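Protein chains in written order, with my numbering: chain A, 1 to 444; chain B, 445 to 908.
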Amino acid sequence: MGEYLIKLPDVGEGVAEAELVEWLVELGKNVREDDVLASVMTDKATVEIPSPVEGKIVWLGGVIGETLAVGSPLIRLEVDGEGNMGRESKTIEPAGQPKPAPEPSVIAQASNAKTDSESKNAKVVEKKTLAAEKSISKESPPPSKEWAGAPRQLGEKPLASPAVRKRAQEAGVDLRRVRGTDAAGRISHEDLDNYFEFGDATLRAGGLVADHSVEEIAIIGLRRKIAEKMALAKRRIPHITYVEEVDISSLGDLRRRLNEEQREGHPKLTFIPFLMRAMVKAIKDQPHLNALYDDEAGVVHRYGGVHIGVATQTKSGLVVPVVRHVEARSIWDCANEVNRLAKAARIGAARREELTGSTITISSLGAIGGIVTTPVINYPEVAIIGVNKIQVKPVWDGTQFMPRRTMNISASFDHRLIDGWDAANFVQRIKNLLETPAAIFIED
Amino acid sequence: MKDIACKVLVIGAGPGGYVAAIRAGQLGLDTVIVESERLGGTCLNVGCIPSKAFIHAADEFEKVMKFAGNAAIGIRVEKPDIDLAKTLEWKDAIVTRLNNGVAGLLNKSKVKTVRGWAKFVDGKTVEVESTTGTQTIRADQVIIATGSIPTELPFLPFGGAVISSTEALSLKKIPKRFVVVGGGYIGLELGTAFRKMGSQVTVVELEDRILPQYDAELTRPVTKRLEALGIELKLGCKAKGLSDSGHELIVETSDGKTENLKADKILVTVGRRPATQRWGRDELVLDMNGPFIKVDDRCCTSMRGVFAIGDVTGEPMLAHRAMAQGEMVAEIIAGEKRHWDKTAMPAICFTDPEIVVVGLSPEEARAEGHDVKVGIFPFAANGRAMTIEAEEGFVRLVARSDNHLILGAQAVGRGVADLSASLSLALEMGARLEDVAATIHAHPTQSEAIPEAALKALGHALHI
C-alpha cells in the first residue's frame, strides 16, 4: 500500500489559483479512476478534478471556499502499490495550505534582521497560515445552535436571573418556552420582552409569526465571483442607461414564418439571434462599442470580432456563455450556438473558454416581464444590451390606432468612453434594424 | 375568650413563620402568628444566632490564649480568663434584642401575635392553649411553620449528662471532658468552641470522616485544624449507650472494640427531625413525604388553604430556605403568582475554618452528567488572607465545560461565610465563569479568590 498525492492541476491558461467549491468525495471513501473528486472554480469556469487512480481517500486538502494555488496538495489517496508519495510525503504541509509567500513588507523586515531572518520568516508564514484558517472558519456557516443560544436539554431548567423569572411568573409565562439568546442560553429581560411582543410559534399557532432568525450564508464559489464582478463593474464604471421602444411587429412576422418552415438544422428562433446580428451591423458603424477597456492601463482594446456574451441564469447563479465571432455566423448558427451554450451552462458543463472572452453582452429578462432594466456592464466591456418584455400596444399610425408588437431595449454604456450621443445612436441603429428586419441582412 | 377570625394564620414564629407573617402583613392581609416559645424559633433562640455568639466568644478566647503564649504577631497578654456566666449573659442579650426585634417587625406589619401552643381543630381552625385560656382562631389560610427538633438517640436519651445543642449553649460551666456524638456541622461547631474554651473534646462519628456530606477536599482543612486544636476524632465509631454511672459513653470503635469514654457532658448532634407532633396533625389530612409534610413548588400541602414551610417540609433545614418560602407563601396568598424557582441554596459550616457550599460539587455535577471545568484558588496565594493569618483553604468553582455556566461554588477558610454572598449571587444570576472573572473584586480582600478561581477554571489564573 502506498499513498498517492493529487495536486491541484493547472485548470486554465494563466490561472494561478482556484477556489474549492465542492468536495464530491468523503474521507475514507473509495474512488475509482476518473471519479470526480472535487470542483474548483476559476474566474468563471468550474472545473472538475477527476481521480487518475483508484484508491481510498485519506486526506482532503482544504475546506469549501478555500482558495488553493495550482500545484498545492488537493487530496491524498491510499492506493495499492507504491503511490507517488515516496519522496514528497515529508514535504507536504499538514494543513494542506498553499504555502503563502510572505508579503513584501515581511520579507523586508526579515532581511533587516539579518541574524535569524530565516526562523523569523518561518514564524510569519506559520502565523499567516493560522490566520487563513481562521478566516475560512468564519466564512463557513456557523452551526445553527450557536446563534440560537445553547439548546436546552429536555427537562433542563431555563436559565434566567431572579428578576427575569419574577417577571415571567407574574406574566404567567413559562420560561421553558422562551429562548435565551445568550451563549449559555440565559434568558435576559430583552428575550422576555421579545417573547411578550412576539410570543412563540406554539402559542400563536395558525397566526402570523415573527421570524427573528438570521441565517449566515457564506458567499462562496460562483456567487462570490458574481458579487466581485458586479461590485467591480459598478465601482469602476459610470453607467449610462438608455431605453428605447422597438416595434418588432415585422420581425415577429418574419420570425414566425421562419419557425413555421421547420427545416433540418434550423432551430426555433427567438429574437436574440436577430438582435445579435443587428448588433454586428450597428457595431460596424460604431466599432468602439465592441471593446474591452483596460482602465488601469488606460487602453481600450477594440475587437474586430464580435463575441457576444449571453447572460444565462443557472441554478447556482448568473453565468455568461459567449457566442464567438457572431459577425461570421448566420441567424441559424447564432441560434444553435446560443441554445447549446445555454444548455451547457445550465448543467454546469460549459468549458472555461466558453465562458470568457466576450466583447459585448446581451441580457434578457424579457420572458419574465419588466419594462426597463438597468443592466450592469460585464466588466471590462463597455456596453450591454438588455431586452425587455414584448407586448402588444395600440400605436397611432396617423389615421388610426394599430395593434403593434413592441419591445423595450435597455442598454447601458461605459460613460467614460461612450457619450450619450453615441449610446443613443447605437440603440437607435439597433431599433431601426429590428424594425426593418430586411436591413439586417442587406450587404452594405 | 372571643374567637379570632383572620385571613392568614401562621403556626410557629421561627425564621419561616415570622417572615411569612411580616410579608403577609405588608401585603395588607389580616395575619395572626402563634408561638409557644420566644419569637424567632430555633435559629434565633437556640440555633444559628446563639451558637455563633458562642463560637465567637470561643474564638476570641482562643485568640487571647494564643497571645498568652508566644504569638508571631507580637501581642502578649497575661493569663486570660473566661467568665462563662458573663459570656452567656452577653449571648442572651443578643438573643433578647433579636426577639424584641422580631416582635417589633411583626407589630410594624400589623401582625397579631398569640402566645401559646396551637392545635388544629380542622383545616381552618386552631385552638391555642395560652396562659389565659383557650383561644380559638379561624383563618382562611394557614401556614404551618413548626420547624424541627434535635433527634434523640433511643439508647442515649437526652437528660443528665446527655444534652442537645440547646442545652450546650447554656451550660453553667465549661465541661472538663466533652464528648460529641455526631461529626456533622452542629457537633463540630460546638465541639470546637468548647475545645477553645478549655474542654477536652472527643468527636464520635459513625462514618469514616467528619462532615460526610461534603467532599474530602473541602473538609480536609477542618480536619487538620481539629487535630491541631487537640480534638480527638473517633471515626467509624458507634455510640452504644451510657455506662451505669452515667458519665461514660460506651462506643464501639472502628476495629470492633468496645471503649468507655469518660465524659462530663455528652452532646448528641445526629441531626434534626421535623416537629410534626402535638399540634393536631391527625385532625388534618396531610400527605407526608417521609417524616416531612409534603409540599409542592408553591409550598401547598395536600389540603387547600394549608401551606407548610421550613424544616417541617424537609431538607435542607436552613433558616434562609424557610424565610424564602415564607415570603413566597405570603405573596401567593396575597394573589401573586409565585413558585419556588431558586437555584442557589447556600449552606455554611461555622467550623474552624468555615465551609461554604452552594450548588453542585464537582462530583455532584459529574453525577448529573455534566462535563465540568473546576477552578480552585488557594488562600495561600491571597494577600489579604496572609495579613489576617488565614492562609488555609481555598475557593472552588464548578462550571459546565460547554458554556461555562457556574454550577456550584465551594469555599473553605476563615471568614469565608461572607463570601457565600457573591457565590450565591453568581449562581442565582446564572453567571458564567467569564462573568465572575470579569467582575472587579476589591483588593485586598479574600473575595479576590473568587474571580481567580474562575480564571483558573478558564485556564489563566493570574496569581497562581
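Cβ coordinates follow ideal geometry from the N, Cα and C atoms, glycine included. These numbers come from a predicted model, not from an experiment.
Answer yes or no: does any C-beta atom of chain A fall closer than 7 Å to that of residue i?
{"i": "residue 464/B", "result": "no"}
{"i": "residue 755/B", "result": "no"}
{"i": "residue 789/B", "result": "no"}
{"i": "residue 785/B", "result": "yes"}
{"i": "residue 781/B", "result": "yes"}
Between residue i and chain B, is there a C-beta pair that is closer than 7 Å?
{"i": "residue 184/A", "result": "yes"}
{"i": "residue 156/A", "result": "no"}
{"i": "residue 77/A", "result": "no"}
{"i": "residue 162/A", "result": "yes"}
{"i": "residue 190/A", "result": "no"}
{"i": "residue 176/A", "result": "no"}
{"i": "residue 167/A", "result": "no"}
{"i": "residue 417/A", "result": "no"}
{"i": "residue 159/A", "result": "yes"}
{"i": "residue 170/A", "result": "yes"}
Would you please state the rounded distance, in angstroms, between the beta carbons of residue i and residue j? I believe it to be under 8 Å.
{"i": "residue 654/B", "j": "residue 632/B", "result": "6 Å"}
{"i": "residue 72/A", "j": "residue 55/A", "result": "With 8 Å as the limit, residue 72/A and residue 55/A do not qualify as a contact, their Cβ atoms being about 19 Å apart."}
{"i": "residue 649/B", "j": "residue 679/B", "result": "5 Å"}
{"i": "residue 606/B", "j": "residue 600/B", "result": "6 Å"}
{"i": "residue 691/B", "j": "residue 707/B", "result": "6 Å"}
{"i": "residue 674/B", "j": "residue 639/B", "result": "7 Å"}
{"i": "residue 803/B", "j": "residue 851/B", "result": "5 Å"}
{"i": "residue 15/A", "j": "residue 42/A", "result": "5 Å"}
{"i": "residue 57/A", "j": "residue 29/A", "result": "5 Å"}
Note the first and the last residue of the continuous beta strand (DSSP E) segment covering residue i.
{"i": "residue 709/B", "result": "709-712"}
{"i": "residue 338/A", "result": "First-last for residue 338/A: 331-346, but that is the alpha helix (DSSP H), not the beta strand (DSSP E)."}
{"i": "residue 853/B", "result": "850-857"}
{"i": "residue 75/A", "result": "73-79"}
{"i": "residue 579/B", "result": "577-588"}
{"i": "residue 864/B", "result": "Not the beta strand (DSSP E): residue 864/B falls in the alpha helix (DSSP H), residues 864-872."}
{"i": "residue 41/A", "result": "36-42"}
{"i": "residue 879/B", "result": "Per DSSP, residue 879/B belongs to no beta strand (DSSP E); it is in the alpha helix (DSSP H), 877-881."}
{"i": "residue 896/B", "result": "From DSSP, residue 896/B is part of no beta strand (DSSP E) but of the alpha helix (DSSP H) over 893-902."}
{"i": "residue 564/B", "result": "561-566"}
{"i": "residue 592/B", "result": "592-594"}
Tell me where the alpha helix (DSSP H) around residue i begins and ends.
{"i": "residue 632/B", "result": "629-640"}
{"i": "residue 490/B", "result": "485-490"}
{"i": "residue 784/B", "result": "Careful: residue 784/B lies outside any alpha helix (DSSP H) and carries neither H nor E."}
{"i": "residue 534/B", "result": "528-552"}
{"i": "residue 424/A", "result": "420-435"}
{"i": "residue 196/A", "result": "189-198"}
{"i": "residue 169/A", "result": "162-171"}
{"i": "residue 277/A", "result": "272-285"}
{"i": "residue 574/B", "result": "Not the alpha helix (DSSP H): residue 574/B falls in the beta strand (DSSP E), residues 569-574."}
{"i": "residue 308/A", "result": "Unbroken run through residue 308/A is the beta strand (DSSP E), 308-310; no alpha helix (DSSP H)."}
{"i": "residue 440/A", "result": "438-441"}
{"i": "residue 184/A", "result": "Neither: residue 184/A is in no alpha helix (DSSP H) and is coded neither H nor E."}
Would you mind telling me which residues of chain E sit closer than 9 Å to residue i, beta carbon to beta carbon, in chain order?
{"i": "residue 197/A", "result": "Any reference to chain E falls outside this structure, whose protein chains are A and B."}
Taking beta-carbon pairs under 8 Å, can you tell me which members of the segment 870-892 of chain B lie near chain A? Of all residues in the segment 870-892 of chain B, only 872, 873, 874 and 876 come within less than 8 Å of chain A when Cβ atoms are compared, listed by chain position.
Using a Cβ cut-off of 9 Å, which residues of the segment 835-848 of chain B contact any Cβ in chain A, in chain order? 844, 846, 847 and 848
Scan the segment 219-259 of chain A and note each continuous beta strand (DSSP E) run of 3 residues or more that stays entirely inside, going in chain order. Counting only runs of 3 or more, we get 239-247.
Segments assigned beta strand (DSSP E), at least 3 residues, entirely inside the segment 460-512 of chain B: DSSP runs (the beta strand (DSSP E)) wholly in the segment 460-512 of chain B: 475-479.
If we require 4 or more residues per run, which alpha helix (DSSP H) segments fall completely within the segment 771-841 of chain B? 806-811 and 827-831
Uninterrupted beta strand (DSSP E) stretches inside the segment 662-702 of chain B (no shorter than 3 residues): 676-679, 682-686 and 692-696
Secondary structure, beta strand (DSSP E): runs of 3+ residues fully inside the segment 357-415 of chain A: Within the segment 357-415 of chain A, the complete beta strand (DSSP E) runs of at least 3 residues are 360-364, 383-396 and 401-414.
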